[in-house]
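In the numbering used here, the protein residues as written are 770 to 972.
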């Protein structure tokens, strides 16, 4: 039984996306504020939109499956910090963003989000109707929010992770395997979640 939930409009929109393309047939994962709330992270507000992550090849197939709700075509977005294949969808008043092949690069770390060969096997499951969707693990959310300097999100995520650190070790290992990090970033991560990182980053 699900411990946490979203508003009816958000869950209904996610359900439509799921029915059109079940994650078990074409892997995609729910992240962002929706994924945080469903994992018990306090973000001080109701999520406003939906963030979906996929690998590049799957993103194209997902876009075709979700064509009825699309508002644009997939397009590469490249900035000094972020690189991703973005497309957008809308159902009633709810917007969704599909993020394909997401990479974030800062002076401290380069982190590449890989779904099928990385986060999919370690993503928490959430029952939605007759389907099971997967959530971006909190290990991903922690590294991402550290790199984008969202201290409020970082602190909230750390509180949840450290309540049950063993639960997050394998996900953190999968995330860390996709990081090219400086020693200072590794140390910062270790200080935040020492029990999770103990077997991953040498102290």
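Built from N, CA and C at the ideal position, the CB exists for glycine as well.
Identified DSSP bridge partners for residue i
i	result
residue 851	873
residue 798	822 and 903
residue 784	None; residue 784 has no bridge partner.
residue 863	860
residue 846	853
residue 894	903
residue 881	872
residue 839	858
residue 948	880
Minimum C-alpha distance to residue i - residue among the options
i	options	result
residue 790	887, 817 and 902	902
residue 799	852, 860 and 869	869
residue 914	848, 875 and 843	875
residue 888	786, 797 and 873	797
residue 977	818, 908, 865 and 933	Because the chain is modelled from 770 through 972, residue 977 falls outside the range shown and cannot be assessed.
residue 917	864, 842 and 851	851
residue 898	785, 934 and 931	785
residue 859	820, 911 and 824	820
residue 877	931, 954, 919 and 845	954
residue 911	865, 965, 896 and 866	965
residue 834	816, 815, 818 and 857	857
residue 812	896, 873 and 775	775
residue 818	840, 864, 794 and 838	864
residue 816	886, 773, 843 and 939	773
residue 904	872, 873 and 937	937
Rounded separation between residue i and residue j - CA only
i	j	result
residue 943	residue 884	10 Å
residue 969	residue 854	30 Å
residue 804	residue 894	10 Å
residue 783	residue 822	13 Å
residue 891	residue 832	24 Å
residue 950	residue 879	6 Å
residue 770	residue 849	Summary for residue 770: the model assigns pLDDT 43, below 50, so the residue's position carries little reliability; its value from the coordinates is reported in the next sentence. Taking the straight line joining both Cα atoms gives about 42 Å.
residue 924	residue 806	14 Å
residue 959	residue 920	16 Å
residue 829	residue 788	17 Å
residue 809	residue 957	23 Å
residue 792	residue 781	16 Å
residue 1014	residue 952	Given that the chain is displayed from residue 770 to residue 972, the structure contains no residue 1014 and the question cannot be resolved.
residue 827	residue 795	7 Å
residue 845	residue 886	22 Å
residue 824	residue 932	30 Å
Distance CB(residue i)-CB(residue j) smaller than 8 Å
i	j	result
residue 778	residue 862	yes
residue 962	residue 929	no
residue 971	residue 940	no
residue 947	residue 842	no
Residue i beta carbon near the ligand NAP (any heavy atom closer than 7 Å)
i	result
residue 892	No copy of the ligand NAP appears in this structure; indeed no ligand is present at all.
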